[in-house]
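Okay, so the sequence shown: first residue is 567 according to our numbering, each after it adds one. The beta carbon of each residue, even a glycine, is placed where N, CA and C say it ideally should be. Working notes for the structure below.
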Amino acid sequence: MRWIVSLVFFVATIVQSLSASQATLEHTQVELMSEVETIKPEVPFWVVFKITMKPGWHTYWKNPGDSGMETILTWDLPEGFSASPIQWLPPETLTLGPVVSFGYSNESFHLVQITPPKDLTGETYAIKVKADWLVCEETCIPENASLAITVAKSTENDLLYTSHKALVDELVAELPNKPNQFGEYRLNGENIEFYLPDGLLVDKKISDVSFYPEGKGTIKNGSKQHWVIKDNRLIISMLKDFSAPDRITGLVKITDADSKEIKAYQLYFGKVHVAPIDEGLAGTLWGILLFAFLGGLVLNAMPCVFPVLSLKAVSIASKAKSHRGFIRKQGLLYTLGVLGSFVSMASILITLKASGESVGWGFQMQNPYFIAFMAYLLFFVGLILSGLTYLPALFGSSQATIDDGKNPWSSFWIGVLAVLVATPCTAPFMGVAIGYALGQSTLIIILVFLALGLGFATPYLLISLIPVTLRLLPKPGRWMETFKEFMAFPMYLTVAWLLWVLVQQSGSRGLIACLIGLVFMAFSLWFWGRFRQRLLPVKILLGLFLTTLTLSPMAYVKPPVELIQIEKFSRQRLQELRAQGRPVFVYATAAWCITCKANEFALKSPAMQLTFQNQDITLLEADWTNQDPEITDYLKSFSRSGVPLYVYYPPQGDAVILPQLLTESIIVHALTKGGK
567 MRWIVSLVFF VATIVQSLSA SQATLEHTQV ELMSEVETIK PEVPFWVVFK ITMKPGWHTY
627 WKNPGDSGME TILTWDLPEG FSASPIQWLP PETLTLGPVV SFGYSNESFH LVQITPPKDL
687 TGETYAIKVK ADWLVCEETC IPENASLAIT VAKSTENDLL YTSHKALVDE LVAELPNKPN
747 QFGEYRLNGE NIEFYLPDGL LVDKKISDVS FYPEGKGTIK NGSKQHWVIK DNRLIISMLK
807 DFSAPDRITG LVKITDADSK EIKAYQLYFG KVHVAPIDEG LAGTLWGILL FAFLGGLVLN
867 AMPCVFPVLS LKAVSIASKA KSHRGFIRKQ GLLYTLGVLG SFVSMASILI TLKASGESVG
927 WGFQMQNPYF IAFMAYLLFF VGLILSGLTY LPALFGSSQA TIDDGKNPWS SFWIGVLAVL
987 VATPCTAPFM GVAIGYALGQ STLIIILVFL ALGLGFATPY LLISLIPVTL RLLPKPGRWM
1047 ETFKEFMAFP MYLTVAWLLW VLVQQSGSRG LIACLIGLVF MAFSLWFWGR FRQRLLPVKI
1107 LLGLFLTTLT LSPMAYVKPP VELIQIEKFS RQRLQELRAQ GRPVFVYATA AWCITCKANE
1167 FALKSPAMQL TFQNQDITLL EADWTNQDPE ITDYLKSFSR SGVPLYVYYP PQGDAVILPQ
1227 LLTESIIVHA LTKGGK
């Protein structure tokens, strides 16, 4: 009797090994499971790739959110077999500080349906998969494994199932429902609102609702989600991001208030091109135009705009006794500059919208080159307000002032400048008006932007057209010079804010490039004024040289394309790579090391990244910005007490130490030398 039990146990073990495959890695254990032992022609069956993580670690959903990487399964199937895309279970929201991701903690299951061909000529079939996934706690580790299971051709009428069948059935039941209905979404100012299909889920007692977009860039992942049932429809609202395609696919996860059961629904939402503004005055076109006018009016009080306009108003006050017609001409030309700029901006928005881009007010602020340009411009204006002498003529003035009141066309360019410096700001009422306009026709968009521009130009226009308003302005005096110089500081503060934005977009590389450009600008203006040339050819050549000098750092504002992944330095990782016979390049750096940052222009150039990639060289960054004993010891091992330090470890042979000043040719020479 005992040998029968042993035989049964042995056979069960063999069968189980045919239907599952496991692998244990540093932070996870993975398993490939099948619901069946035997298969039939054209009868689909489920396989499941399971990841079990260490406590506190997590993996990611198909849309990982702010950071992360979805799990990727690459199948190697017998001829004629096919695999479906991964059927994803509902994720959870994972928060680490300001970073919000979507994924799974503790364990995750990835379901795939395999379909055999019509003709099964063999007896057994190997189902192989190569899996790549990212597992994270406070740090993230990419892992991978190759697994395989074997299934047999069925010789019976019924399929034989494995012990995993019950688990697979449970997981399939948890997959999102896919109702044959479409919802819709609308942009409402800074929000995006998802309207579920009429009647769907409204009969349930709901305690919680969560929305997960399947694509990136549609919602602010960390924003609070609000939901309400209105007019027999469940509506979910949250902050929008930059993308607004014609259709959004997303997952709606609800929690039943009574049973606490969680259900998920995969839905498609079509874009509605009319903003849902239906309350009071805002529901009419005239109401929207009024909102735009009021938004433009309030925009004058923004910290970027106020210094420019206040100085222009004071300039008019100082010339109040001059010809009224000249002052009116200044006001009209200023208004023309403002309206022309707003119409130009509307035209750009219309063109981008027609090409499928999702845009809105301040869309250009997403471009690091525009951010750098604005920093240049406002720094330039700040230098003028500070009274820096020897500046060239600006907008018709030959002195270091915004406007000398002699050339009325200077007012036109002041209007253009005011609109430019206003682009980073959003005033009350503007969000509603612009959000509505961008969902309408070309004519409506232009009308709304004209109303916005008219509101923006109104204060200065009234001062120039109505003489009595000049009495409201303070009398001219010596205080005006002090006031002008004081107004430079809001400009410098705005430049500081723009540089902070640039850091978020381009990192320290973009910040350094822009700061160098600002220094070059100040030097160029000083040099131009100090060493004036009367000969026209010399002036032209000198002007071209100084302009090129000032603008040349702009080429480095945008971060280079990252072709390779740079790993964090550790002695253990270095030893692991060297034991594997892998070439390694270690660079010790610090955020406060100017030489280090200058060298990174060569080290991280596209050409060098391609070289590292082609030679399969791993880069390890030893960041010494903050005290790190391990990096300190590493520096001492090369008799160094500071950074930078660059060391190349070829697959075989001794390490090659590079000079402290790098060029691409120096790096290539070191790589070649190390390879010999």
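| Check | Outcome |
| --- | --- |
| Go ahead and label Gln-896 buried or exposed: buried means 16 or more other beta carbons lie within 10 angstroms of its beta carbon, across all protein chains shown. | buried |
| Use the C-beta contact count for Gly-663: other C-beta atoms within 10 angstroms, 16 or more gives buried, fewer gives exposed. | exposed |
| Would Pro-682 and Phe-647 qualify as a contact pair, given that the criterion is a beta-carbon distance under 7 Å? | yes |
| Please report the residue range of the beta strand (DSSP E) in which Asn-710 lies. | 706-719 |
| Could you give the distance in angstroms between the alpha-carbon of Gly-948 and the alpha-carbon of Ala-1088? | 11 Å |
| Which residues bound the beta strand (DSSP E) around Cys-702? | 690-702 |
| Does Leu-833 pass the burial test, meaning 16 or more other C-beta atoms within 10 Å, or should it be called exposed? | buried |
| Helix, strand or coil for Ser-910? Go by DSSP, reduced to three states. | helix |
| Within a Cβ cutoff of 7 Å, which residues of the same chain sit near Ile-1078, ignoring the five residues on either side of it in sequence? | Lys-1163 |
| Looking at C-beta atoms only, is the number of pairs between the region 973-989 and the region 898-909 that lie closer than 8 Å three or more? | yes |
| Can you give the Cα-Cα distance for Gln-679 and Val-738, rounded to whole angstroms? | 11 Å |
| To the nearest whole angstrom, what separates the beta carbons of Gly-862 and Leu-1013, a pair I think is in contact under 8 Å? | The Cβ separation is near 13 Å, so there is no contact. |
| Please work out which residues of its chain come closer than 8 Å, Cβ to Cβ, to Thr-802, disregarding the five sequence neighbours upstream and downstream, and give them in chain order. | The question names Thr, but residue 802 in the sequence shown is Ile. Glu-759, Phe-760, Leu-762, Val-775, Phe-777, Gln-791, His-792, Trp-793 and Val-818. |
| For Arg-1137, does the count of other Cβ atoms within 10 angstroms reach 16, so buried, or fall short, so exposed? | exposed |
| For Gln-653, which residues does DSSP report across the bridge? | Leu-677 |
| By the three-class DSSP mapping on this structure, what secondary structure does Gln-1193 have? | coil |
| Can you name, in chain order, every residue of its own chain whose Cβ lies under 8 Å from the Cβ of Leu-902, other than the five neighbours on each side? | Phe-978 and Gly-981 |
| By how many angstroms is the C-alpha of Lys-731 removed from the C-alpha of Leu-686? | 23 Å |
| Using DSSP's beta-bridge definition, name the partner residues of Leu-1027. | In DSSP, Leu-1027 forms no bridge with anything. |
| What three-state label does DSSP hand Ala-589 in the structure shown? | strand |
| The beta strand (DSSP E) with Pro-779 in it runs from where to where? | 772-779 |
| Within 10 angstroms of the Cβ of Trp-699, are there 16 or more other Cβ atoms? Answer buried if so, exposed if not. | buried |
| Can you find at least 3 beta carbon pairs, one from the region 718-726 and one from the region 597-606, that sit closer than 8 Å? | yes |
| If you run the structure through DSSP and keep just helix, strand and coil, what is Leu-662? | strand |
| Starting from Ile-1244, follow the beta strand (DSSP E) in both directions and report where the run begins and ends. | Nothing about residue 1244 can be reported from this structure: the residues present for the chain run from 567 to 1242 only. |
| So does the region 1217-1229 actually touch the region 1141-1155, counting three or more Cβ pairs closer than 8 Å? | yes |
| Span of the alpha helix (DSSP H) holding Gly-816? | That residue, Gly-816, is in no alpha helix (DSSP H); its beta strand (DSSP E) goes 813-822. |
| Is it true that the CB of Leu-1084 sits closer than 7 Å to the CB of Phe-936? | no |
| Is Arg-1044 close to chain D? Criterion is C-beta to C-beta, closer than 7 Å. | Chain labels in this structure do not include chain D; a single protein chain is all it has. |
| What are the boundary residues of the beta strand (DSSP E) that includes Gln-630? | At residue 630 the sequence reads Pro, which differs from the Gln that was named. From DSSP, the beta strand (DSSP E) with Pro-630 extends over 624-631. |
| What residues in its chain sit with their C-beta under 8 Å from that of Val-1069, if we drop five residues either side in the sequence? | Gly-1076 and Leu-1077 |
| From Ser-1030 to Leu-1016, what does the alpha carbon distance come to, in whole angstroms? | 20 Å |
| Whole angstroms are fine: how far does the CA of Asp-807 sit from the CA of Ile-968? | With a pLDDT of 47 at Ile-968, under the threshold of 50, the predicted position of this residue should be treated as unreliable, and no value is reported. |
| Count the other CB atoms, across all protein chains shown, that sit within 10 Å of the CB of Pro-773; report buried if there are 16 or more and exposed otherwise. | The question names Pro, but residue 773 is Ser in the sequence shown. Exposed. |
| Given a threshold of 16 other Cβ atoms within 10 Å of its Cβ, counted over all protein chains shown, does His-624 qualify as buried or as exposed? | buried |
| Can you list, in chain order, the residues of its chain with a C-beta nearer than 6 Å to that of Gln-1193? Leave out the 5 residues immediately preceding and following it. | none |
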